[in-house]
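Its first residue numbered 1, the sequence shown is counted upward by one per residue in UniProt numbering. Just so it is clear, CB atoms sit at the ideal spot from N, CA and C, and this is done for glycine as well.
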Amino acid sequence: MIYKNFRLTIFLRVFAIVALSLAFAFILVLKPMLFVLSAIAFLLIVMVVSMIRYIEKSNKDLTHFLLSIRQGAFTESYTSGHRGKHHEQLSGALNDIVSEFSKLNREKELHYQYLQTLNENINVAILSFNAEGKLLMMNPAAKKLFNLSAFSALEHFKRIDIALYEAIKNLSPEQRTVVRVLMQEDQYQLSVQLKEIVLNGELVRIILLQNLNSELEAKEIEAWHQLMRVLTHEIMNSATPIVSLTAAIESILKNPDGSRKDLTTLSEDNVEDIFSSLSTIGSRSRGLMKFVNTYKEYARPVSAKLEPTDIVALVKRISTLLAPDLQMRNIKYTVNSPATSVEAKADVALIEQVLINLLKNAMEAVPHDGTGAITIDVKTKNDRVSISVTDNGMGIDPEVLPRIFVPFFTTKPKGSGIGLSLSRQIMKLHNGSIHISSPGTGSIFTIEWS
């Protein structure tokens with residue numbers, strides 16, 4: 001619409017100039033009249049100058065507008081100056097664009113201020129380097145963590161700790177690792193993560209480092225509290241009846257004055273009570289010894305020998321091993337896995353131990369009346385391998401769920417409480433994890449390789 005009006009205005013002005021020129025020539029040739037010729041010449045000059053200024057005004061506004069964009073200055077406004085509808089529409093369009101650019105510029109500035117504030121106040125050390133290892137940016141948290149005044153290159157991490165330097169240098173994008181670092185005679189555990197972006201055609205590596213000491217200490221204290229509660233519960237379950245029964249036997253064998261009774265004076269009921277109490281004491285003592293031996297077994301360090309392993313074949317092998325037990329309990333069993341092999345680094349014996357433990361837990365959880373079902377799913381997503389064991393049992397009480405991986409915690413009458421905690425320990429050795437979902441009916445245990 002703007003260009004249509006512009007063309008029409010130019011056409012009319014050119015037409016007027018041509019008409020005046022013809023009139024000037026006609027009068028000059030046929031009947032020269034000085035006054036009329038002067039008037040026509042004046043009008044002709046005015047029309048030519050007006051058209052030139054009209055065209056230059058549009059070009060000037062456009063040039064000024066483009067320079068404003070280049071310089072990032074969006075404070076100017078454009079007026080038509082009573083030069084017609086074309087200039088009014090053009091000025092309106094330019095003002096709208098300037099207003100939009102100004103709005104975007106303000107939003108960009110606010111976003112920058114927000115990121116700057118976040119960067120300066122976040123409790124995570126952030127450093128960025130170019131492809132050559134030259135430092136581009138270091139936030140206050142990084143300066144505080146490393147206590148360095150002169151830090152200009154990735155190589156300077158060698159001054160702090162060679163293990164930290166090697167970890168950062170060999171880290172892959174999106175990968176995360178934890179490094180133990182000794183700084184200022186203090187031991188730190190740092191979470192190290194790498195991001196890579198391209199800015200103006202240049203590769204930029206962003207290093208995120210977080211001091212995990214306080215978080216790990218809090219988790220460690222919480223874990224110890226949970227463990228001590230379980231240990232206290234188990235020990236008191238055995239110690240309380242032992243103490244009570246010992247006191248009962250002592251009361252039978254002692255006179256009121258504390259002297260020993262003559263054993264020949266004991267009644268048959270007294271002897272029966274003593275034998276019953278000793279039998280119970282022996283049983284609870286053996287239970288306590290079993291618990292101590294289980295604790296020793298759990299506390300023994302576990303090491304893993306990781307080798308490339310076909311996870312699909314491993315799952316099928318475990319399925320064949322447990323098939324008779326599943327059939328005997330009348331449990332429907334399904335394995336869902338890719339048609340091709342799925343490889344992950346694993347200690348075969350340890351992963352088999354984890355799967356057997358999860359499957360046996362599932363077998364105990366489901367009904368044995370033909371409605372029980374267990375499904376194993378082997379999946380790969382974003383180069384991460386996972387195995388899920390799903391059952392249709394009663395599920396796990398939400399109050400119990402947070403303690404399910406605490407050593408020696410169990411809801412089974414004859415359970416040891418180390419199966420799931422040991423499984424978590426094994427998955428940590430595989431740089432993986434184990435987690436549970438119990439949406440109400442049934443449970444899903446998933447082990448995953450990072």
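In this structure, Val378 and Ile387 form a Cβ contact; the two beta carbons are roughly 6 Å apart against a cut-off of 8 Å. CA-CA distance, Leu314 to Glu166, rounds to 35 Å. In the displayed model, Thr264 falls within a helix according to three-state DSSP.
Leaving aside the five residues that flank Thr334 on each side, the residues in its chain whose CB is nearer than 6 Å to its CB run, in chain order, Thr375. Scanning Val29, Val18, Leu358, Gly372 for the CA closest to the CA of Met51 turns up Val18. The three-state secondary structure of Thr340, taken from DSSP, is coil.
Rounded to whole angstroms, the Cβ separation of Arg284 and Ile242 is 5 Å, and the two are in contact under 8 Å.
Check the Cα spacing between Gly440 and each of Thr446, Leu422, Ile396, Pro32: the tightest is with Ile396. Gly432 is the residue among Asn293, Gly432, Lys360 whose C-alpha sits nearest the C-alpha of Asp383. Gly282 carries a helical assignment under DSSP once its states are collapsed to helix, strand and coil. With contacts defined by Cβ atoms closer than 8 Å, Trp449 and His435 do not form a contacting pair. In the structure shown, the three-state DSSP call for Gln187 is strand. Separation of Phe101 and Leu136 (C-alpha to C-alpha, rounded to the nearest whole angstrom) is 29 Å.
Apart from sequence neighbours up to five positions away, the residues of its chain that approach Phe405 with a beta-carbon distance below 7 Å are Leu420, Ser421, Arg424, ordered along the chain. In this structure, the alpha-carbon of Val29 lies about 33 Å from that of Ile55. Note on geometry: alpha-carbon atoms of Gln116 and Tyr188 lie some 27 Å from one another.
When the beta-carbon positions are compared, Ile311 and Val385 come within less than 8 Å of each other.
Using a Cβ distance threshold of 8 Å, Gly372 and Asn392 count as a contacting pair.
When the five nearest sequence neighbours on each side are left out, the beta carbons in the same chain lying within less than 8 Å of the beta carbon of Leu43 are those of Leu20, in order along the chain. DSSP places Ala373 inside the beta strand (DSSP E), whose first and last residues are 373 to 381. Residue range 419 to 429 is occupied by the alpha helix (DSSP H) that includes Gly419. Going by DSSP, Ile207 is part of the beta strand (DSSP E) stretching over 202 to 211. Under the three-state reduction of DSSP output, Glu196 falls in the strand class. Runs of alpha helix (DSSP H) with 4 or more residues, each lying fully within the stretch 125 to 178, are found at 140 to 146, 157 to 160, 162 to 170, listed in chain order. Membership of Pro324 in the alpha helix (DSSP H) is indicated by the continuous run 311 to 328. Arg7 is classed as exposed because its beta carbon has fewer than 16 other beta carbons within 10 Å across all chains shown. Beta-bridge pairing by DSSP links His435 to Thr446. Put simply, the backbone Cα of Asn357 is about 39 Å away from that of Ile207. Asn211 counts as buried, since no fewer than 16 other beta carbons sit within 10 angstroms of its beta carbon. Between the alpha carbons of Arg176 and Ala125 lies a distance of about 14 Å. Between the alpha carbons of Leu118 and Ala142 lies a distance of about 14 Å. As the crow flies, the alpha-carbon of Asp269 is around 28 Å from that of Met236. Annotation for Ile387: the continuous beta strand (DSSP E) segment containing it runs 384 to 391. By the neighbour-count definition (other C-beta atoms within 10 Å, threshold 16), Asn123 is an exposed residue.
At the C-beta level, Ile331 and Met363 come within 8 Å of one another. Under the 10 Å beta carbon count, Arg205 is surrounded by 16 or more other beta carbons and is classified as buried.
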